[in-house]
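Read through the structure below, which is laid out as C-alpha cells, and then see the notes.
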Amino acid sequence: LELHSIFCSTPSYPDSAICYLFFYRFVSNKHQYLVFFIRKLSACLTHTVMSGAGDQDDDCVVKLRGLPWSATQDDIVKFFKECAIMGGKSGVHMTTSREGRPSGEAFVELESTEDVRRAIQRDHDHMGNRYIEVFKVNRAEMDWVIKRCAPMNGSDEDGCVRLRGLPFGCSKEEIAQFFTGLEIVPNGITLLTDGSGRSSGEAYVQFVSKEVAEKALLKHREKIGHRYIEIFRSSLSEVQSVVGINNRRMGG
1 LELHSIFCST
11 PSYPDSAICY
21 LFFYRFVSNK
31 HQYLVFFIRK
41 LSACLTHTVM
51 SGAGDQDDDC
61 VVKLRGLPWS
71 ATQDDIVKFF
81 KECAIMGGKS
91 GVHMTTSREG
101 RPSGEAFVEL
111 ESTEDVRRAI
121 QRDHDHMGNR
131 YIEVFKVNRA
141 EMDWVIKRCA
151 PMNGSDEDGC
161 VRLRGLPFGC
171 SKEEIAQFFT
181 GLEIVPNGIT
191 LLTDGSGRSS
201 GEAYVQFVSK
211 EVAEKALLKH
221 REKIGHRYIE
231 IFRSSLSEVQ
241 SVVGINNRRM
251 GG
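Position 247 of the sequence shown, counted from 1, bears residue number 247 in the UniProt record's numbering, the numbering being contiguous throughout.
Shown next, in the form of C-alpha cells:
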C-alpha cells in the first residue's frame with residue numbers, strides 16, 4: 001500500500017509514480033486495489049490539470065519583441081490572425097520607451113492556452129523585414145510594464161506628438177511640409193513661445209489617428225533646414241495643459 005500513500009499525500013506527483021502504477025497493474029492480481037488506484041490517479045490528474053488550466057487562463061499572455069517601429073495594433077492582429085485575441089485590438093498593448101517612442105515590444109492577451117500555443121508557433125516569423133520573437137510571459141510582467149507606460153498608453157488614441165529642436169522662426173507650413181503624406185487635423189499644429197513671445201523651438205502636432213502619429217514618430221531626428229528634429233509621443237491633455245501655461249505666461 002505504499003503507492004496508496006503516495007497518491008493520497010501528493011495532489012500532483014512525478015511521472016515515475018504513474019509508471020509505478022502501470023508496473024503494479026502487471027504484477028498484482030488484486031483487482032480491487034488497481035481500481036482504487038486508477039480512480040485516485042484520475043482524481044489527482046483532474047485536480048492538477050484543472051488547477052494548471054486556471055493558472056494558465058490567468059496568464060494567456062505573449063510578448064513580442066523586434067517589432068518594426070511603424071507596427072500598429074492592426075498589424076499585430078493580422079500577424080496573429082489564427083489566434084483569438086482577448087477583446088480584439090484592445091488586447092494588444094504596445095509599449096514605449098522613456099522618450100515616448102515605440103519600444104519595438106508589445107504584449108498580447110489571448111483567449112486560451114491553445115491560442116498561446118498557436119501564437120508561439122509564430123516565433124521568428126516576419127513582419128515586414130523584421131523577424132519577430134514571440135514568447136509566453138506571465139500577466140504580472142505585462143501589468144507592470146503597462147503601468148509604467150500608462151501615462152503614454154492612456155492617450156494613444158489622441159494622435160499627438162511633441163516636436164523639439166525646431167529652427168527659430170519655423171512656421172506651421174514648414175511643419176506641415178515636414179510631415180507631408182501624414183494627415184494633420186485642422187488647426188492641429190501648435191507652436192510654443194517663451195516668456196518674451198519668441199519661438200521656443202517646440203511644437204505639438206495632432207494627427208488624424210494614432211496610426212498616423214506612429215508613422216510621424218519614425219521621422220525622429222530627421223531635419224528641418226539644418227536642425228535635427230526630436231519627436232516624442234504626447235497627448236491632447238498635455239497639449240491643452242502646456243498651451244494653457246504658455247498663454248498665461250504671455251498674459252493671454
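Quick reminder that beta carbons are idealized off the backbone N, C-alpha and C, glycines included.
- L163 and V205 do touch by the CB rule: their CB atoms are close to 7 Å apart, below 8 Å.
- Between R227 and V161 the beta-carbon gap is near 16 Å, outside 8 Å, which marks them as no contact.
- In the DSSP assignment, K63 forms a beta bridge with F107 and F135.
- Closest in C-alpha terms to T180, from the list F207, G195, A203 and L192, comes F207.
- By the C-beta density criterion, E82 is exposed, having fewer than 16 other C-beta atoms within 10 angstroms.
- Unbroken alpha helix (DSSP H) stretches of 4 residues or longer found wholly inside the segment 143-230: 172-178 and 210-217, given in chain order.
- For T95, the enclosing beta strand (DSSP E) begins and ends at V92 to T96.
- Looking only at R65, C149 and E141, the smallest Cα-Cα distance to D125 is reached by R65.
- The count of Cβ pairs closer than 8 Å, one atom from the segment 187-197 and one from the segment 133-142, stays below three, leaving the stretches out of contact.
- A straight-line Cα-Cα distance of about 32 Å links R118 and G159.
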